[in-house]
Amino acid sequence: MNLISFSIRTKGIHNFARRLWTVFTRFGITESRTRRALLSTIETLCQYDAAPTFFIPAVVLRRHHKLLAEISRCDAEIGIHGYVHNDYRSLSEAKQFKQTEQAISLFRSTNTPYQGFRNPYLIHDVIDLDLLAPVIRSGYEKSLALFQALTCNAYTLRPHFEGPLVRIPTSIPDDEMLFDRLRITEPEEVGDIWSKVMQRVYDFGGVYTLNLHPERAVPCKQALTKLLYYADNRPLPVWLARLQDIAQWWKERSRFRLVITPLAFERWQVHAICSPRATLLARNLTVENQPVNAWHGNNKRLHACDCIVNATLCPCIGLSTREEQVQKRSLLLQKIEQLDAPLLYFGCWPDGNRAALAITGDIDSVTIQDFFLRIFEVSQIT
Ligand SMILES: [Zn+2]
């Protein structure tokens, strides 16, 4: 499909005209503007000993592989964002497979290490739609439909496995929705909205994957600083991580096991098989001879892999993880979270973190030329 008609369909004519104008103001004919933007995000995160994840279409990487090599030397992760910048949902499975393979071979030929692909979207209702002018509201609603957004809860805000693949949810509104569709550009306000999303994710103990396009990294620097400060000042720590770190952790965590053996009436021997990064949590039970720390809500954090606990019931739940709908899984997890029975379990995040935060950005274009080349690249490949 033609990029212009696609843009008008998904963004509306008003937003498309604005978008065109911003292309000329946000990109340059050289790489320097985008380089400055990428380094701005890297520097902001560096203050927290963290690094961002960027995604780039393979054809854009081919034109700017030296810049991307420079970026990945700063510890930033580079992921695949398609072969060209097209909508995978409009492609057959065979074409998706072929284009992904083409993208992989291009990443390899430029010696760019990669691990991830871009992923599905979630919605946070922190924007009051009734307060928006109709033209802005319809732009926002078009975005939600485009992203096929899901409602957020403790389940949808977690990574999950699809076979060997780890899927990590992304939260919206991103910078593009705020700036171009909702026209919220005040750094303080943008920072407040992202902080509200962070609070929601923190309450659910999930992951907040923020998408901040490099073209808006400089005007969003202050908002990003505000979000990072907010995350850093929650009562429990928030893990600032790249998506590859999150995926690696999720695989590590999936191998953890609890062995619980009855010793006597209401007395259980617990042996946790896990890595030292595991967050072992307990509620509604007493741990004998081991120090525990207060954690979130009525949960306590245990520090030893072997301990004896006093509980009225065996403090674990056996769950089958076969195919079930998101809705069913969400409900099930909600029920478990609300249980007042004794429970021992592994927290979602390593080292006692309550939630995770990943700052990511799609490098859809580096220069003005890239932006217009997209039209040809997309039309040629489909
Ligand atoms: Zn993109």
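Counting the sequence shown from 1 gives a position; our numbering is that position plus 4. Cβ atoms here follow ideal geometry from the backbone N, Cα and C, with glycine treated the same way.
Can you tell me where the beta strand (DSSP E) holding R305 begins and where it ends? For R305, the uninterrupted beta strand (DSSP E) run begins and ends at K304 to L306, by DSSP.
Three Cβ pairs or more, each shorter than 8 Å: is that satisfied between the segment 187 to 202 and the segment 329 to 343? No, the segment 187 to 202 does not touch the segment 329 to 343.
With respect to the beta strand (DSSP E) encompassing A276, which residues constitute its N-terminal and C-terminal limits? Segment R271 to I277, the beta strand (DSSP E) holding A276.
Since I believe R122 is in contact with G167 (beta carbons under 8 Å), could you give me their beta-carbon distance rounded to a whole number of angstroms? G167 to R122, Cβ: 18 Å. No contact.
In three-state terms, what does DSSP make of W25? Look at W25 here: in three-state DSSP terms it is helix.
Mind pulling the beta strand (DSSP E) runs of 3 or more residues that sit fully within the segment 227 to 256? Counting only runs of 3 or more, we get 242 to 244.
Nearest-angstrom Cα separation, counted from F59 out to S383: Cα to Cα, S383 sits roughly 21 Å from F59.
What's the C-alpha gap between T364 and N215? The alpha-carbon atoms of T364 and N215 are separated by roughly 5 Å.
Assuming P191 is part of the alpha helix (DSSP H), what are its boundary residues? If you look at P191, you'll find it in the alpha helix (DSSP H) that goes P191 to F208.
Name all residues in chain order for which at least one heavy atom of ligand 1 lies closer than 5 Å to the residue's CB. Near ligand 1, meaning a beta-carbon closer than 5 Å to one of its heavy atoms, we find D366 and D368.
Where does L98 sit, in a helix, a strand or coil, going by DSSP? Going by the sequence as given, residue 98 is Ala instead of Leu. DSSP places A98 in helix when its eight states are reduced to three.
Given T265, which residues of its chain have a CB within under 6 Å of its CB, disregarding the five upstream and five downstream residues? The residues are Q273.
Check the C-beta distance from P218 over to A41 and give it rounded, since I have them as a contact under 8 Å. Contact between P218 and A41 is confirmed by a C-beta separation of about 4 Å, below the 8 Å threshold.
What does the alpha-carbon distance come out to for the pair R287 and Y349? Each residue's CA atom was taken as its position, placing R287 and Y349 some 9 Å apart.
Could you please give me the residues that DSSP links to D310 through a beta bridge? Under the DSSP definition of a beta bridge, D310 partners with H275.
Would you decide whether F101 is buried or exposed? Buried here means 16 or more other CB atoms lie within 10 Å of its CB. Exposed, because fewer than 16 other Cβ atoms sit within 10 Å of the Cβ of F101.
Rounding to the nearest angstrom, what Cα-Cα distance links W243 and I250 in this structure? Near 9 Å, if we compare the C-alpha coordinates of I250 and W243.
Selection from R204, P117, I176 and R93 that minimises the alpha carbon distance to R77: With distances taken between Cα atoms, R77 lies closest to P117.
Taking the continuous alpha helix (DSSP H) assigned at R37, which residues delimit it? Looking at the DSSP string, the run of the alpha helix (DSSP H) that includes R37 is S36 to C50.
Selection from V313, L336 and Y234 that minimises the alpha carbon distance to G322: It is L336 whose Cα lies nearest to the Cα of G322.
Which residues in the same chain as E81 place their Cβ atom closer than 6 Å to its Cβ, once the five residues preceding and following it in sequence are excluded? In the same chain as E81, and ignoring 5 residues on each side of it, the C-beta atoms closer than 6 Å to its own belong to T57, R246 and Q248, in chain order.
Any non-hydrogen atom of ligand 2 closer than 8 Å to D236 Cβ: Ligand 2 is not part of this structure, which contains only ligand 1.
Beta strand (DSSP E) containing E74: first to last residue? Unbroken run through E74 is the alpha helix (DSSP H), H69 to R77; no beta strand (DSSP E).
Could you check what DSSP says for P124 in three-state terms: helix, strand or coil? Any reading at P124 needs caution, since the residue's pLDDT is 34, under 50, leaving its predicted position unreliable; the model's value is listed next. Taken through DSSP and simplified to helix, strand or coil, P124 comes out as coil.
Range of the contiguous alpha helix (DSSP H) that encloses D374: Start and end: I372 to I385.
Measure from the alpha carbon of G120 to the alpha carbon of each residue in R66, T229, I172 and Q329, then state which is nearest. Measuring from the Cα of G120, the nearest candidate turns out to be I172.
Whole angstroms is fine: what's the gap from L24's alpha carbon to C352's? Roughly 42 Å separates the two Cα atoms.
Cβ-Cβ distance between L306 and L284 below 9 Å: Against a cut-off of 9 Å, the Cβ pair of L284 and L306 comes out as a contact.
Any idea which residues DSSP pairs P163 with across the strands? Bridge partners of P163 according to DSSP: none are assigned.
Where does Y92 sit, in a helix, a strand or coil, going by DSSP? Y92 sits in a helix when the DSSP states are folded into three classes.
On the premise that L161 lies in contact with S199, defined as a C-beta separation below 8 Å, what is that separation, rounded to the nearest angstrom? Not a contact, Cβ separation roughly 16 Å.
S369 by DSSP, collapsed to three states: which one? Residue state for S369 is assigned as coil, using DSSP reduced to three classes.
Could you tell me whether the Cβ atoms of A359 and M202 are closer together than 9 Å? Yes, they are a contact pair.
Near V64, what residues of its chain come up, given a Cβ to Cβ distance below 7 Å and the 5 sequence neighbours on each side ignored? Cβ neighbours of V64 beyond the five flanking positions: I367, S369, V370 and D374.
Would you kindly work out how many angstroms separate the C-alpha atoms of N357 and V291, rounded to a whole number? Using only the alpha carbons, I get a separation of about 21 Å.
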